[in-house]
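Report on the following structure.
Protein chains: 4
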Amino acid sequence: MSVMMHTAQRQTCIDACNACLQACEHCLTACLNEPDVQARVRCIQLLRDCADICSLASQFMSRDSSYAKQICNVCATICDACAAECGKFKDEHCQKCADLCKKCADECRKMAA
Amino acid sequence: MSVMMHTAQRQTCIDACNACLQACEHCLTACLNEPDVQARVRCIQLLRDCADICSLASQFMSRDSSYAKQICNVCATICDACAAECGKFKDEHCQKCADLCKKCADECRKMAA
Amino acid sequence: MSVMMHTAQRQTCIDACNACLQACEHCLTACLNEPDVQARVRCIQLLRDCADICSLASQFMSRDSSYAKQICNVCATICDACAAECGKFKDEHCQKCADLCKKCADECRKMAA
Amino acid sequence: MSVMMHTAQRQTCIDACNACLQACEHCLTACLNEPDVQARVRCIQLLRDCADICSLASQFMSRDSSYAKQICNVCATICDACAAECGKFKDEHCQKCADLCKKCADECRKMAA
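Protein chains in written order, with full-length UniProt numbering: chain A, 1 to 113; chain B, 1 to 113; chain C, 1 to 113; chain D, 1 to 113.
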């Protein structure tokens, strides 16, 4: 049963990474097309890093890698930073992305524990 | 409304790519641990390519790239080949992976059209 | 000997992809920090796609994938578009990136042939 | 001048990651085709993880990411493990890969410091 719990927790984390990655990619494109793109440079850079580490975390968990926890640990750090930066912008794509980054950070911290 | 249909179709394809990518990563690890790994070399190579192209397709669609259709087109080709190869093995992970590869190929063909 | 020529050509293409990928990642960060970032939105989107497809092409060639040619074919298309867009900007990072994109497109076309 | 030293060190690390990634992808395909593939399962799993983290490290350094050091830190850990495993096999591809993994681990440790 603990294996099943482990599996369920991992699936939740994979889903959170996939949702976060999609939100980051979408939000990055949307930020580039906002009139105040100049104010969003830091945000865009974090979105790029966040999408890429979420993608790797999702792959490492799916393949049951020995290093999934270490990747999830870095992923949580980048997701937190990205959530904080996205949270500064009031448009819908940034607010939604901030939410999904926070959820992903929480799930990755559980996986890394 | 056609935009909403487009968006729904894209989401279906992104979800199919994510499900296929996860199944391929999982199936690759499982194949490596089967007693007849030697018979699965071609399968393992296809699973590796399939996981990577699904990951890229998912990212290109999420970012609304001008090249999403071209990537989905290659993705459909690789998914078909991977489905055919996985379909040769009777274990649960290969059968499930073959199914998800077929679904992903179908969705990617719709996207590429 | 034809195998050795093949190997040498592939190495040249892998190196061109790696150089192009690095230039694109660097140029993207540099473009984000230019005062006219607003004029570079299309360029930034192409740089993102170009970096990612170069990375995949490099991996597929390194692993001797059956699909390396198909990926190189898409890579050449994206590199050409990225070279054309970067070529519009006079700063050093865009000019250098345009050069490396053109070289990568040429090598990828040879590989895909 | 310290900036130039920093840049030179980073380039050395990017080159080491690219060389390691190529060697890992090549070695993985070669291991799959060895008659004793069954004995190489752990090696193949590490090669897969090592190729992917080297790819991400190369991209994060190229884009001058705030998280390049953290990724390089994980990369050094995985490269060390992969070098140790590859070092157990006497064929040329594993010996060469072990060498390039060790060099990459060393460069990544310097970057992460």
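We put the CB at the ideal spot given by N, CA and C, even for glycine.
Alpha-carbon spacing of residue i relative to residue j, whole angstroms
i, j, result
"cysteine 31/B", "threonine 7/D", "42 Å"
"glutamate 25/C", "serine 62/D", "6 Å"
"aspartate 64/C", "threonine 29/D", "8 Å"
"arginine 42/D", "alanine 113/D", "29 Å"
"cysteine 101/D", "glutamate 34/A", "43 Å"
"alanine 68/A", "alanine 57/A", "6 Å"
"isoleucine 44/B", "alanine 105/C", "30 Å"
"glutamate 85/B", "alanine 98/B", "8 Å"
"leucine 47/A", "methionine 111/D", "23 Å"
"phenylalanine 89/C", "glutamate 92/D", "46 Å"
"cysteine 27/C", "asparagine 18/D", "19 Å"
"cysteine 20/C", "glutamine 59/D", "11 Å"
"isoleucine 78/A", "cysteine 72/C", "32 Å"
"glutamine 22/A", "aspartate 52/C", "15 Å"
"aspartate 49/B", "arginine 109/C", "20 Å"
"glutamine 9/D", "lysine 103/D", "13 Å"
"methionine 1/C", "glutamine 70/B", "Note that methionine 1/C has pLDDT 42, beneath the 50 cutoff, so the model's placement of it is unreliable and the number below is only indicative. Distance between the alpha carbons of methionine 1/C and glutamine 70/B is about 34 Å."
"isoleucine 14/D", "valine 74/C", "25 Å"
"aspartate 80/B", "threonine 12/C", "30 Å"
"alanine 16/A", "alanine 76/B", "25 Å"
"alanine 83/D", "cysteine 54/C", "26 Å"
"glycine 87/A", "glycine 87/D", "47 Å"
8 Å Cβ cutoff, residue i in contact with chain C
i, result
"glutamine 45/A", "yes"
"arginine 10/B", "no"
"threonine 77/B", "yes"
"lysine 110/D", "no"
Cβ of residue i within 8 Å of any chain D Cβ
i, result
"aspartate 80/A", "no"
"glutamine 38/B", "yes"
"glutamine 70/C", "no"
"glutamate 25/C", "yes"
"asparagine 33/B", "yes"
"methionine 1/B", "Any reading at methionine 1/B needs caution, since the residue's pLDDT is 42, under 50, leaving its predicted position unreliable; the model's value is listed next. By this cut-off, methionine 1/B is not an interface position."
Amino acids of chain B, ordered along the chain, whose beta-carbon sits closer than 7 Å to that of residue i
i, result
"leucine 56/C", "Asp52 and Leu56"
Contacts of residue i in chain A (Cβ-Cβ under 7 Å)
i, result
"leucine 28/B", "Arg63"
Burial state of residue i, where buried means 16 or more other Cβ atoms lie within 10 Å
i, result
"glutamate 107/C", "buried"
"aspartate 36/A", "exposed"
"glutamine 95/D", "exposed"
"alanine 39/C", "exposed"
CB contact check: residue i to chain B, cutoff 8 Å
i, result
"glutamate 107/A", "no"
"leucine 100/D", "no"
Residue i: contacting residues in chain D (beta-carbon distance under 8 Å)
i, result
"asparagine 18/B", "Here the premise fails: no neighbours, minimum Cβ distance about 17 Å."
Amino acids of chain D, ordered along the chain, whose beta-carbon sits closer than 7 Å to that of residue i
i, result
"glutamine 22/C", "Ile14 and Ser62"
Proximal residues of chain C, C-beta to C-beta of residue i below 8 Å
i, result
"glutamine 59/D", "Leu21, Glu25, Ala51 and Ser55"
Under 9 Å by beta carbon: chain B residues contacting residue i
i, result
"valine 41/C", "None at all; the shortest Cβ gap to chain B is about 13 Å."
Segments of 4+ residues assigned as alpha helix (DSSP H) that fall wholly inside the stretch 24 to 80 of chain D: 41 to 62
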